[in-house]
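Residue numbers (my numbering): 1 to 245. A virtual CB, placed ideally from N, CA and C, is assigned to each residue, including glycine. What you are looking at is a predicted structure, and each value in this text was computed from that prediction instead of being measured.
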Amino acid sequence: MSGRSDPAPRAGHAGRLLAAILPWMRVLPAGFAWWLGGRLGHSYAHSGSRDNRRCREHLARAFPGWDRHAVERCARRCFRHFGRMALWSLSTLHRDPRRLRRGMGLEGAEHLRAAARACRAGLGPVSCSGHFGNWEVLARVMGTLLPVTVLGKRQRDAGIDRLIQRMRTEHGNRQIYQHEGLGPCVRTVRAGRVLATLPDQDVPRLQGCFVPWFGHPAYTPIGPAAVAQMTGAPLQLAFCFAVGR
1 MSGRSDPAPR
11 AGHAGRLLAA
21 ILPWMRVLPA
31 GFAWWLGGRL
41 GHSYAHSGSR
51 DNRRCREHLA
61 RAFPGWDRHA
71 VERCARRCFR
81 HFGRMALWSL
91 STLHRDPRRL
101 RRGMGLEGAE
111 HLRAAARACR
121 AGLGPVSCSG
131 HFGNWEVLAR
141 VMGTLLPVTV
151 LGKRQRDAGI
161 DRLIQRMRTE
171 HGNRQIYQHE
181 GLGPCVRTVR
191 AGRVLATLPD
201 QDVPRLQGCF
211 VPWFGHPAYT
221 PIGPAAVAQM
231 TGAPLQLAFC
241 FAVGR
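Given below as structure tokens:
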């Protein structure tokens, strides 16, 4: 983790656009948001963005036996999925997360109970997830069951930064930023709170190490493991596989 300050977010076009459409998302039926998000994601999958190129490159590395058509199908499905998750999350942002968790299946309930015991004992677990499924809904729902503090990256666009902070803290969760260093993370777990983070991206300015990823070295942040080792806090994995309509 970095101890240096991130530049203050600035107002940008994306944040202003998001602020303009967000009130309309409240009245958008969740089923339609799911459909529309899928269509937008499908369209984005055909753009020439860096994310599109990187997605296909990584799929080809991970599955060397796939031909070009299989890689393309998986990439399109990936972007459709994230489009659905994004719009579904925005259209349900005003809903109580306790309602959102109804109907969600839970695997590994014993680990959730262990996390609750750790929090009550005064040493919260370090909970790692990834940019997989619906990580924002995961944080909101977990916050209805456990005291959660989310470790995240400050966004460059002030409007987007405010929205993400709202999504993560509106119903009782707290947030700290990566640039604040290890101190707040250590204090969080020692206060009996879950430290939730997504350490699955290559962030050069964060302390990390190279680990094998499908036969290739991948730079991986070591902050969550360092906090667990320094405090003796348990380290757990958590994922929200998918959220339906």
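### Query
Cβ of Gln178 within 8 Å of Cβ of Gly152?
yes
### Query
Between which two residues does the alpha helix (DSSP H) harbouring Trp35 extend?
30 to 44
### Message
Can you tell me whether Leu123 is helix, strand or coil according to DSSP?
### Response
coil
### Message
Taking 7 Å as the limit between beta carbons, can you name the residues of its chain near Pro97, skipping five residues before and five after?
### Response
Arg140, Val141, Gly143, Thr144, His171
### Query
From Ala114 to Arg187, what does the alpha carbon distance come to, in whole angstroms?
20 Å
### Query
Using CA coordinates, which residue listed in Trp213, Pro184, Arg39 is at the minimum distance from Pro224?
Pro184
### Query
Can you tell me whether DSSP reads Phe210 as helix, strand or coil?
strand
### Message
Within 8 Å, do at least three Cβ pairs link the stretch 155 to 168 to the stretch 104 to 123?
### Response
no
### Query
What residue ranges within the stretch 143 to 211 form continuous beta strand (DSSP E) runs of no fewer than 3 residues, ordered along the chain?
148 to 152, 174 to 177, 194 to 197
### Query
Is Leu100 helix, strand or coil by DSSP?
helix
### Query
Quick one: complete alpha helix (DSSP H) runs, 4+ long, within the stretch 55 to 96?
68 to 91
### Query
Is Val150 buried or exposed, if buried means 16 or more other CB atoms sit within 10 Å of its CB?
buried
### Task
Give the range of the alpha helix (DSSP H) segment to which Pro224 is assigned.
223 to 231
### Query
Under a three-way DSSP split, which group does Leu235 fall into?
strand
### Message
Applying the 10 Å Cβ sphere with the 16-neighbour rule, what's the burial state of Pro212?
### Response
exposed
### Task
Return the residue from the list Phe214, Cys240, Pro234 that minimises the CA-CA distance to Cys119.
Pro234
### Coarse secondary structure for His13, derived from DSSP in three states
helix
### Query
Okay, do the stretch 123 to 135 and the stretch 100 to 109 touch, 3+ Cβ pairs below 8 Å being the bar?
no
### Query
According to the neighbour-count rule (16 or more other Cβ atoms, all chains shown, within 10 Å of its Cβ), is Trp34 buried or exposed?
buried
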